[in-house]
Structure formats: structure tokens, C-alpha cells
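> So the sequence shown is residues 800 to 915, counted in the numbering used here.
A virtual CB, placed ideally from N, CA and C, is assigned to each residue, including glycine.
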Amino acid sequence: VRMVESGGKLVQAGGSLSLSCYASGAILSDFSGNGMAWYRQAPGKQRELIATITSGGRTDHADSVKGRFTISRLNAKRMVYLQMNSLKPEDSAVYYCNRHANQWSWGQGTQVTVFS
């Protein structure tokens, strides 16, 4: 399985972005039956878990993004999304998606840069 993230760009603080992730090669049942997550990694920092969504659609978000970011999924297309609003410079990072547990191979991620 290859994770393909997209949608990152340079954006001004206060703006919005929508990230997409496609689990290329995933068996549908393997995708839909597992929790998925978004992670991010800023320069010099460890990868951070920021949002999860269970197979049943229940979501959870890290305190740092709660109320601003929203994770969602579309199983039929093997897609996971991250809607990001009210962006801050500290949200700048490479964003990755993967299974919440027993991750597949990591993709290249998508770069989000927020300037003030």
C-alpha cells in the first residue's frame, strides 16, 4: 500500500486548506475496517498524531488542532481528508496520513507552510 497525500501549499495565517490522502493499493475491506489518522512533522521535531477517525467514523483531534481541523473519510474511494481552518504559523509541517495502528509504509507527505 502506498499513501499519497496532497493539497499542501503556502497559505497566510487565518486561511484554510483541505488535504487529501489516498491509500493506493489498499484492499477496500482492509481500509474501511481500520482506523485512519493524520500526522504531521515539523522541522527538528518528532512526527505528531493530530487526528484520528475510526472505522465507524468517530473522530478525535489533538488539543493543538481541536476546533480548527476536521478529519473525515470516504471508504469507497480509500480516501482520508483533513479540513484545516484558522491556520497558524505553528501548523507549518509535512502532513502524513496512515492507519492509526499497524501503519502501512509512509508516503512522502504534503508540505503545509503558514506565514503570518
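Among the residues of its own chain, which have a CB less than 7 Å from the CB of Gln-811, if the five just before and after it don't count?
In the sequence shown, counting from the first residue as 1, residue 811 sits at position 12. Here the set comprises Phe-914.
> Using 10 angstroms around the beta-carbon of Gly-908, count the other beta-carbons present and answer buried if the total reaches 16, otherwise exposed.
Position 109 of the sequence shown, counted from the start, is the residue given in the question as residue 908. Label assigned to Gly-908: buried.
> Quick one: using the 10 Å Cβ neighbour count with 16 as the cut-off for buried, is Ser-917 buried or exposed?
Because the chain is modelled from 800 through 915, residue 917 falls outside the range shown and cannot be assessed.
> Within 10 angstroms of the Cβ of Phe-807, are there 16 or more other Cβ atoms? Answer buried if so, exposed if not.
Here the question's residue 807 lines up with position 8 in the sequence shown. It is Gly, not Phe, that sits at residue 807 in the sequence shown. Buried: at least 16 other Cβ atoms inside 10 Å.
> Go to Ser-817, then tell me how far its alpha helix (DSSP H) extends in each direction, as first and last residue.
In the sequence shown, residue 817 corresponds to position 18, counting from 1. Not the alpha helix (DSSP H): Ser-817 falls in the beta strand (DSSP E), residues 816-823.
> Checking 7 Å against the spacing of the C-beta atoms, do Thr-796 and Ile-870 come in under that value?
Given a span of 800 to 915 for the chain in the structure shown, any question on residue 796 remains unanswerable.
> For Ser-871, report the span of its beta strand (DSSP E) as first-last.
Position 72 of the sequence shown holds residue 871. Segment 868-873, the beta strand (DSSP E) holding Ser-871.
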